[in-house]
Amino acid sequence: MLTMLQLSALHNELNAFKCTFPASLLCDLQGEFEREVRPFFEDPAQAELLRGGKYQHLLLPGRDYSLCSYDTDPLFWVANRRASNYTLFKAFFDALGLEQALKPKIKHKQQLVMYCGFFVVGNQAPDPNWHYDYRPGAPAYTLITPLFELSPEHGQLLYELPDRQRQLYRYTPNEAIVFGEGFLHSTEPYEPSPNLRVLLSLTCGTDLIEYWPILKQNIEEQSDFYALPCGHFKGGCRCLEPTFWQKWQAFFKA
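Sequential numbering from 1 applies to the sequence shown in my numbering.
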């Protein structure tokens with residue numbers, strides 16, 4: 001019998017939690033990163049890209065992944081672009097038991113949906129970049145965990161308490177941080193490193209399609225391929241199209 005994932009509060013006034021999991025759950029994603037993503041970043045031709053300084057949104061050549069930077073920061077979200085590699089991230093989401101753990105915290109109809117999976121890659125962070133992952137009222141959460149143990153020089157995660165005190169969360173192997181709206185955070189600045197800093201991230205949340213207008217403001221920024229709250233993938237969903245009755249009403253109102 002599977003034990004339900006236990007979420008422990010990061011702080012009693014924050015919408016943020018921690019959880020631990022078996023190391024074996026990461027094996028498939030670690031292998032995928034080594035085969036499909038690491039060779040791109042370790043190519044000397046990408047040295048300029050890794051320095052940051054300008055917004056990036058591109059496809060990884062010959063690979064089923066897209067890359068998006070957070071503004072001009074040298075931090076890159078490498079997102080799945082096909083159902084085939086989406087399923088690798090979804091398998092981790094399912095094995096972790098995150099859906100059942102988060103259901104009491106998210107308004108939903110039947111189930112929670114994993115929207116997208118990412119490798120978050122960089123080797124430096126000259127300045128903090130404080131931000132929220134979601135707009136106020138968004139029924140969604142982000143999970144972040146180290147895909148590989150960080151090097152001593154790598155930056156950790158800064159976050160802010162309601163009284164504006166700043167705290168440090170240390171990324172730990174086989175531990176994830178899970179947070180939703182209202183969680184102000186930033187990568188801790190660190191000097192250029194010869195070692196890639198690689199995190200795994202998932203976004204997940206409600207299956208209620210009426211929340212898509214608020215959710216898409218963040219999800220569409222990060223990826224070219226994702227599942228919508230209804231569970232359909234981008235480009236294959238008609239749930240947001242007007243129904244025959246709505247079209248009929250609009251016709252007679254015109």
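Glycine residues also receive a C-beta, built at the ideal position from the N, C-alpha and C atoms.
Since the model is a prediction, treat every value here as computed from it, not as a measurement.
Assumed close pair residue i, residue j - CB separation to whole angstroms, cut-off 8 angstroms
{"i": "Gln30", "j": "Leu147", "result": "6 angstroms"}
{"i": "Ala125", "j": "Pro173", "result": "The Cβ separation is near 20 angstroms, so there is no contact."}
{"i": "Arg197", "j": "Leu150", "result": "6 angstroms"}
{"i": "Gly205", "j": "Ile106", "result": "6 angstroms"}
{"i": "Ser8", "j": "Phe17", "result": "6 angstroms"}
{"i": "Phe76", "j": "Ser84", "result": "In fact, because the Cβ distance is near 21 angstroms, the residues do not count as touching under 8 angstroms."}
Cβ-based neighbour list, residue i, same chain, cut-off 6 angstroms, excluding 5 preceding and 5 following
{"i": "Gln167", "result": "Tyr159"}
{"i": "Cys239", "result": "Ile209, Cys230"}
{"i": "Asn195", "result": "Ser151"}
{"i": "Ala227", "result": "Val113, Tyr115, Phe233"}
{"i": "Ala258", "result": "Not covered by the structure: residue 258. The range shown for the chain is 1 to 254."}
{"i": "Ala176", "result": "Cys19, Leu143, Thr145"}
{"i": "Tyr86", "result": "Asn80"}
{"i": "Arg135", "result": "Ile214, Gln217"}
{"i": "Ala138", "result": "Glu181, Ile214, Leu215"}
{"i": "Ser223", "result": "Ala79, Cys116"}
Pair within 9 angstroms by beta-carbon distance, residue i and residue j
{"i": "Asp190", "j": "His154", "result": "Sequence check: residue 190 is Tyr here, not Asp. For Tyr190 and His154, yes; Cβs fall inside 9 angstroms."}
{"i": "Leu98", "j": "Leu215", "result": "no"}
{"i": "Tyr65", "j": "Ala79", "result": "yes"}
{"i": "Leu60", "j": "Glu36", "result": "yes"}
{"i": "Leu202", "j": "Thr142", "result": "yes"}
{"i": "Phe119", "j": "Phe233", "result": "no"}
{"i": "Leu10", "j": "Val121", "result": "no"}
{"i": "Asn12", "j": "Asp133", "result": "no"}
{"i": "Phe179", "j": "Leu14", "result": "yes"}
{"i": "Cys19", "j": "Ala101", "result": "yes"}
{"i": "Leu67", "j": "His57", "result": "yes"}
Cross-strand partners of residue i (DSSP beta bridge)
{"i": "Gln269", "result": "Lying before the first or after the last residue shown, residue 269 is absent from the chain, which here runs from 1 to 254."}
{"i": "Val37", "result": "Answer by DSSP bridge pairing: none, since Val37 is not bridged."}
{"i": "Thr142", "result": "Phe179, Thr203"}
{"i": "Trp130", "result": "Paired residue(s): none; Trp130 is not in a bridge."}
{"i": "Cys116", "result": "Thr203"}
{"i": "Cys19", "result": "Ala176"}
{"i": "Gly122", "result": "Arg197"}
{"i": "Phe233", "result": "Ala227"}
{"i": "Ser8", "result": "Lys18"}
8 angstroms CB neighbourhood of residue i in its chain, flanking five on each side removed
{"i": "Met1", "result": "Residue placement at Met1 is flagged as unreliable, the pLDDT there being 41, under the threshold of 50; the coordinate-derived value follows with that caveat. Excluding residues within five positions, none has a Cβ falling inside 8 angstroms."}
{"i": "Asp71", "result": "Tyr55, Asn129"}
{"i": "Asp28", "result": "Leu88, Ala91, Phe92"}
{"i": "Phe40", "result": "Gln46, Leu60, Pro61, Arg63"}
{"i": "Ser193", "result": "Asn123, Gln124, Ser151, Glu153, His154"}
{"i": "Pro162", "result": "Glu13, Leu14"}
Residue i beta carbon near the ligand HEM (any heavy atom closer than 8 angstroms)
{"i": "Pro126", "result": "With respect to small molecules bound, the structure shown includes none, and the ligand HEM cannot be examined in it."}
Beta-carbon proximity list for residue i, same chain, < 7 angstroms, skipping 5 on both sides
{"i": "Lys103", "result": "Leu112"}
{"i": "Leu25", "result": "Phe92, Ala95, Leu96"}
{"i": "Lys109", "result": "Asp207, Leu208"}
{"i": "Gln156", "result": "Leu168, Tyr169, Arg170, Tyr171, Glu188"}
{"i": "Arg51", "result": "Pro74"}
{"i": "Cys237", "result": "Leu228, Cys230"}
{"i": "Asp127", "result": "Pro189"}
Within the segment 168-217, ranges of the beta strand (DSSP E) (whole runs, at least 3 residues): 175-179, 185-187, 197-205
Within the segment 25-110, ranges of the beta strand (DSSP E) (whole runs, at least 3 residues): Listed in chain order, the complete beta strand (DSSP E) runs (minimum 3 residues) inside the segment 25-110 are 57-59, 65-69, 76-80.
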